[in-house]
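Asker: Below is one structure. I have some questions about it.
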Amino acid sequence: MRVALFLLLLLAIAAVPGSLVPQRTSDPNGVVKYRKDNPELAQFLDSIQAFDVYTSVWFSSIYLLLFLSLIGCVIPRTLHHLKALRTPPPKTPARLERLAGFTTVDAPESDAATAIDSARALLRKSGYRVRLFEGPHLSVSAERGYLRETGNLVFHTALIGVLASVAIGGGFTYTGQKVVVEGQPFVNVLSDYSSFKPGRFFDESMLPPFRMVLDDFSVQYELENLNAYGFPTDFTADVSIYAPGEAVSRGAVKVNEPLAVLGSDVFLLGNGYAPRITVADGDGNVAFTDIVPFLPQDANLTSIGFIKAPDALPEQVGMIGFFYPTAAELPTGALTSSFPDLLNPVLALNVYTGDLGIDDGVARSVYALDIDGMTQVAGGDSGAAAIRLRPGETAQLPNGLGTVTFEDARSGSPETANGNRDSVLRFATFDLTHDPSRAWVLGFALLAVGGLLTSLFVPRRRVWVRAIEQENGGIRLEYAGLARGDDPALDTAVADFAARHTAGLKS
Amino acid sequence: MTDTLDSYSLVAIYSAMGVYTLAFVMFALDLAKRSARVPAVAEARRGQLTNAAGIITTLTHGDRDSAPKARYKFERIAFALVVLGWVLHVAGAVLRGVAQGFVPWANMFEFSLTSSAVVVGVFIAIQRWHDLKFLGVYITGFALITLGVGTVNFYVPVKPLPPVLDSYWLVIHVFVASLGTGFFAIGAGLSLAQLLQAGREAGRKSLALLKTLPNAIKLENLAYQVTVVGFVFWTFTLIAGSIWAERSWGRYWGWDTKEVWTFIIWVTYAGYIHARATRGWRGARSSWLAIVGFSAVMFNYTVVNLLFKGLHSYSGL
Numbered sequence: 001m002r003v004a005l006f007l008l009l010l011l012a013i014a015a016v017p018g019s020l021v022p023q024r025t026s027d028p029n030g031v032v033k034y035r036k037d038n039p040e041l042a043q044f045l046d047s048i049q050a051f052d053v054y055t056s057v058w059f060s061s062i063y064l065l066l067f068l069s070l071i072g073c074v075i076p077r078t079l080h081h082l083k084a085l086r087t088p089p090p091k092t093p094a095r096l097e098r099l100a101g102f103t104t105v106d107a108p109e110s111d112a113a114t115a116i117d118s119a120r121a122l123l124r125k126s127g128y129r130v131r132l133f134e135g136p137h138l139s140v141s142a143e144r145g146y147l148r149e150t151g152n153l154v155f156h157t158a159l160i161g162v163l164a165s166v167a168i169g170g171g172f173t174y175t176g177q178k179v180v181v182e183g184q185p186f187v188n189v190l191s192d193y194s195s196f197k198p199g200r201f202f203d204e205s206m207l208p209p210f211r212m213v214l215d216d217f218s219v220q221y222e223l224e225n226l227n228a229y230g231f232p233t234d235f236t237a238d239v240s241i242y243a244p245g246e247a248v249s250r251g252a253v254k255v256n257e258p259l260a261v262l263g264s265d266v267f268l269l270g271n272g273y274a275p276r277i278t279v280a281d282g283d284g285n286v287a288f289t290d291i292v293p294f295l296p297q298d299a300n301l302t303s304i305g306f307i308k309a310p311d312a313l314p315e316q317v318g319m320i321g322f323f324y325p326t327a328a329e330l331p332t333g334a335l336t337s338s339f340p341d342l343l344n345p346v347l348a349l350n351v352y353t354g355d356l357g358i359d360d361g362v363a364r365s366v367y368a369l370d371i372d373g374m375t376q377v378a379g380g381d382s383g384a385a386a387i388r389l390r391p392g393e394t395a396q397l398p399n400g401l402g403t404v405t406f407e408d409a410r411s412g413s414p415e416t417a418n419g420n421r422d423s424v425l426r427f428a429t430f431d432l433t434h435d436p437s438r439a440w441v442l443g444f445a446l447l448a449v450g451g452l453l454t455s456l457f458v459p460r461r462r463v464w465v466r467a468i469e470q471e472n473g474g475i476r477l478e479y480a481g482l483a484r485g486d487d488p489a490l491d492t493a494v495a496d497f498a499a500r501h502t503a504g505l506k507s
Numbered sequence: 001m002t003d004t005l006d007s008y009s010l011v012a013i014y015s016a017m018g019v020y021t022l023a024f025v026m027f028a029l030d031l032a033k034r035s036a037r038v039p040a041v042a043e044a045r046r047g048q049l050t051n052a053a054g055i056i057t058t059l060t061h062g063d064r065d066s067a068p069k070a071r072y073k074f075e076r077i078a079f080a081l082v083v084l085g086w087v088l089h090v091a092g093a094v095l096r097g098v099a100q101g102f103v104p105w106a107n108m109f110e111f112s113l114t115s116s117a118v119v120v121g122v123f124i125a126i127q128r129w130h131d132l133k134f135l136g137v138y139i140t141g142f143a144l145i146t147l148g149v150g151t152v153n154f155y156v157p158v159k160p161l162p163p164v165l166d167s168y169w170l171v172i173h174v175f176v177a178s179l180g181t182g183f184f185a186i187g188a189g190l191s192l193a194q195l196l197q198a199g200r201e202a203g204r205k206s207l208a209l210l211k212t213l214p215n216a217i218k219l220e221n222l223a224y225q226v227t228v229v230g231f232v233f234w235t236f237t238l239i240a241g242s243i244w245a246e247r248s249w250g251r252y253w254g255w256d257t258k259e260v261w262t263f264i265i266w267v268t269y270a271g272y273i274h275a276r277a278t279r280g281w282r283g284a285r286s287s288w289l290a291i292v293g294f295s296a297v298m299f300n301y302t303v304v305n306l307l308f309k310g311l312h313s314y315s316g317l
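Chains as they are written, first to last, in our numbering: chain A, 1 to 507; chain B, 1 to 317.
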């Protein structure tokens, strides 16, 4: 017990650093930022696995030792308990008056055999295991609450079950993210994921074949409560699932309401705007045309996106775009977004020329632009103002580099009753998770709760009743109990039993 | 309509705070008067208790009836005030819930409001089984601080429920967490009293009023009984939270800062329960564990919510 206690307290302390230092699993960007801000400290922290506390050698060894000591405790206790289950209650102690709830009652009308017999029946009815002793005086010895130890063992064994389920099931778990723009498909193959985290035993053949198209992404905003104006109240992603050999099925993914697809769950994690941008180079050739997901930066969805046109001539063109769904001008002249929906969409672009740095074969993030080898030609200190565009507008790039167009997503008649609402497509970020360990973990966790409840609240106690024959006829009854483990209600229980038993004798 | 109800809710909360303040003063007066006239009966009662405790490990209920009950007038008035304050307090929480159309524990202000109401509610309810009114100063003090900080520092006007909280698990997970908090709070108070009482019994200089409280072993047993109930609720909180995390974020456990601290608290109290069965750890050491555990609960609620980065960023601030 001392070892278990020590390891438990050690485990509690060891878990603390993981909440103070960003963790790779839960906050990878935080780790990157931390390393940048404190390079030397980060190096030290990394050497002691402080960014991976919960998979670190030292944290793992604590909980593995804890479980080892747990197993070492559960096995002998189980054997002992199995033996106890077959052992009848022990002999009635000679001196009951030293035990809990000792009560005596004189019953001049009764005889020992009847009284003890009725005590035995009553105890048995109350769930006690009983045994009679002749001794110098007739007595009954009773014990109940074996379930307490059973619950205790079930609880601890179930914890081992939880750990085993996580360890084994985790190997078959996989989870991946994908950014999908309205109208576009996602195909469930490894190469189509934006990021993917496989378990140890993952194999690409485990991915069920299907295609999911994001038909529509809609957001509801609070418009009445001025304290929360523009507060999103609902996100819904309407999707169609195409699986081979099956009819198309439609479904919706909401926050807190994942969609089950062929043994996996699809979760809605994030959303934003994805303007379609076309760049024509100085020669009039289309150098770039694509839908670019912009990453939201604040609650009103001011978003940043990056456009790279490596094929532009005479020089490669890169742009950092700021998208404001409802643009408003600050006193400084800078733009900001004042509402998350598309009331006054404006795209502002800073334009760079030069080497995009993507020709040397090194993988580059699409969510960043390395401006080291580039010259800024519009926006910032370049001398030319940043380009501002509304949906459907085209602007000239400086220095005869060509044109850039912010395409209107509404085909045909742009001005509809919806205002600008459909002029820019939205994207949704989905998380697709397959985790076969879930049901096992939950099952064992519930078993643990059941075990915990019985081990804490079922009292294990012994009760004795002895009948001492008096010289003048009649008997004197002695009642007493013994707590085995925590049993705050023992005295009341003995007193109640004595009262009930005595009342039964009189009637 | 919403704003009107919300302002009524605040009126009820402020009234509750007023009544709690009176109760706090009365409880404090009661304790002061107890020190002044430590009754002989209490001394006798204590002797009997230690005697009983010397023979058996578990304590008895019977002694309470056998010893003549000391009457504390201020305590009775104070307790009546707590009940009145609690009714106002609950009315404040209910009005807030009605005003916004969902449960009043979706941001830090509301959680302060509801969890302190649960703490006081548990304190009132538990008197049915054990007379723990001597904890009144501690409980009303706790409720006053929580409500004060809640209304001054955490208050936000009624806002719609963020989609990420729009789940029936909000009702279960958070409410069970506040129930657990309620029992842990009382357990920590009893453990504190146990430490003081044990100090007095060891012959250290101490407050005279301690003579009117149950002896250290009785206090330790009471603390244990209350804390294990809290532990069961905390276990439920952990499991319900995992199920919700699975439905919301796609994984049942991800070592988010709040998950980490919920885990730390659970392990600490698991340690507390084991300490009871470890020689040398009963008494003061396990009392300290209960106090450390409750401090971690408070830390989890304040510092982790406000300063730590994580997925549970629902403070509304």
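Just so you know, even glycine gets a beta-carbon here, dropped at the ideal spot from N, CA and C.
Report the CB separation of V266(A) from P258(A) in whole angstroms; it is logged as a contact under 8 Å.
Answerer: Confirmed, about 6 Å.
Asker: Which residues of chain A have a Cβ atom closer than 9 Å to the Cβ of E75(B), listed in chain order?
Answerer: In chain order: nothing, as chain A lies at least about 23 Å away.
Asker: What is the rounded straight-line gap between the Cα of R35(A) and the Cα of P28(A)?
Answerer: Whole-angstrom Cα-Cα distance: 11 Å.
Asker: Could you check how far apart the C-beta atoms of G305(A) and P293(A) are, in whole angstroms? I think they sit under 8 Å.
Answerer: 7 Å between Cβ atoms; contact.
Asker: Rounded to whole angstroms, what is the Cα-Cα separation between S191(B) and F134(B)?
Answerer: Their Cα atoms are separated by approximately 13 Å.
Asker: Please tell me whether F235(A) has its Cβ less than 8 Å away from any Cβ of chain B.
Answerer: It does: the Cβ of F235(A) has a partner Cβ on chain B nearer than 8 Å.
Asker: Distance, Cα to Cα, G170(A) vs L163(A)?
Answerer: Near 10 Å, if we compare the C-alpha coordinates of L163(A) and G170(A).
Asker: Establish whether the CB of Y20(B) and some CB of chain A are separated by less than 8 Å.
Answerer: Chain A contact via Cβ: absent.
Asker: Identify whether S240(A) lies in helix, strand or coil by the three-state DSSP scheme.
Answerer: In this structure, S240(A) counts as strand in the three-state DSSP scheme.
Asker: Could you spell out the range, first to last residue, of the beta strand (DSSP E) harbouring K254(A)?
Answerer: S249 to K254 is the extent of the beta strand (DSSP E) around K254(A).
Asker: Got a sec: which bits of the region 212–246 of chain B sit with their beta carbon under 9 Å from any beta carbon on chain A, in order along the chain?
Answerer: Going along the region 212–246 of chain B in chain order, one finds N221, L222, Y224, Q225, V228, V229, F231, V232, T235, F236, L238, I239, S242, I243, W244 and E246 with a Cβ nearer than 9 Å to chain A.
Asker: G101(A) and A480(A): beta carbons closer than 8 Å?
Answerer: Cβ atoms of G101(A) and A480(A): closer than 8 Å.
Asker: For T173(A), which residues in the same chain have their Cβ closer than 6 Å to its Cβ, ignoring the five residues on either side in sequence?
Answerer: Around T173(A): G199 and D435.
Asker: Mind checking E204(A): buried by the 16 CB within 10 Å criterion, or exposed?
Answerer: By the neighbour-count rule (16 or more Cβ atoms within 10 Å), E204(A) is not buried but exposed.
Asker: With 16 as the cutoff for other CB atoms within 10 Å, does Q470(A) come out buried or exposed?
Answerer: Burial call: exposed.
Asker: Verify the CB distance criterion: does S194(A) have a CB-CB separation below 8 Å to chain B?
Answerer: Taking Cβ atoms only, chain B never reaches closer than 8 Å to S194(A), which makes this a no.
Asker: Is the Cβ of F133(A) closer than 8 Å to any Cβ of chain B?
Answerer: It does not; no Cβ of chain B falls within 8 Å.
Asker: Please tell me whether V213(A) and V239(A) are closer than 8 Å, where the distance is taken between their beta carbons.
Answerer: Cβ distance < 8 Å, so V213(A) and V239(A) count as in contact.
Asker: I'd like to know if the region 226–238 of chain B and the region 199–215 of chain B are in contact, where contact means that at least 3 CB-CB pairs between them fall below 8 Å.
Answerer: These segments do not touch.
Asker: Going by Cα to Cα distance, which pick from E246(A), R250(A) and V255(A) is closest to S248(B)?
Answerer: Nearest C-alpha to S248(B): V255(A).
Asker: Could you have a look at V118(B) and say whether DSSP puts it in helix, strand or coil?
Answerer: Here V118(B) sits in helix by DSSP.
Asker: Does the region 347–363 of chain A come into contact with the region 315–331 of chain A, if we say contact requires no fewer than three beta-carbon pairs (one atom in each stretch) closer than 8 Å?
Answerer: Yes, since at least three Cβ pairs between the region 347–363 of chain A and the region 315–331 of chain A fall closer than 8 Å, the two stretches touch.
Asker: So, with DSSP's three-state summary, where would you put I139(B)?
Answerer: Note: I139(B) maps to helix in three-state DSSP.
Asker: Go ahead and label N107(B) buried or exposed: buried means 16 or more other beta carbons lie within 10 angstroms of its beta carbon, across all protein chains shown.
Answerer: Buried: at least 16 other Cβ atoms inside 10 Å.
Asker: Can you have a look at P136(A) and say buried or exposed, based on whether 16 or more other CB atoms are within 10 angstroms of its CB?
Answerer: Counting Cβ neighbours within 10 Å, P136(A) comes out exposed, since fewer than 16 surround it.
Asker: Is it true that the CB of F142(B) sits closer than 8 Å to the CB of V185(B)?
Answerer: This sequence places Ala at residue 185(B); Val is not what is there. Yes, the Cβ-Cβ distance between A185(B) and F142(B) is below 8 Å.
Asker: Name the chain B residues whose beta carbon is nearer than 9 Å to that of T508(A)?
Answerer: No information on residue 508(A) is available, as it lies outside the stretch 1 to 507 that chain A covers here.
Asker: Name, please, each residue of chain A whose Cβ falls closer than 9 Å to the Cβ of I264(B).
Answerer: Those are L11, A12, I13, A15, V16 and S19, listed as they occur along chain A.
Asker: DSSP three-state label for W281(B), please.
Answerer: W281(B): coil per DSSP, three-state reduction.
Asker: Rounded to the nearest angstrom, how far is the Cβ of Q100(B) from that of V156(B), given a contact under 8 Å?
Answerer: With 8 Å as the limit, Q100(B) and V156(B) do not qualify as a contact, their Cβ atoms being about 11 Å apart.
Asker: Short of 9 Å Cβ to Cβ, which residues in the region 48–74 of chain A face chain B?
Answerer: Taking 9 Å as the Cβ-Cβ cut-off against chain B, the residues of the region 48–74 of chain A that qualify are V53 and Y54.
Asker: Less than 6 Å between C-beta atoms, sequence neighbours within five positions excluded: which residues of the same chain meet that for P22(A)?
Answerer: Around P22(A): G30, V31 and Y34.
Asker: Among the residues of its own chain, which have a CB less than 8 Å from the CB of G127(A), if the five just before and after it don't count?
Answerer: Same-chain partners within the cutoff: R144.
Asker: Round the Cβ separation of G85(B) and V122(B) to the nearest angstrom and send it over; I've been treating them as touching at under 8 Å.
Answerer: Actually they do not touch by this definition, with Cβ atoms about 15 Å apart.
Asker: Can you pull the chain A neighbours of V267(B), defined as C-beta to C-beta under 9 Å?
Answerer: Those within 9 Å of V267(B) in chain A are L8, L9, L11, A12 and A15.
Asker: Which stretch, first to last residue, makes up the beta strand (DSSP E) that contains T403(A)?
Answerer: Segment G402 to E407, the beta strand (DSSP E) holding T403(A).
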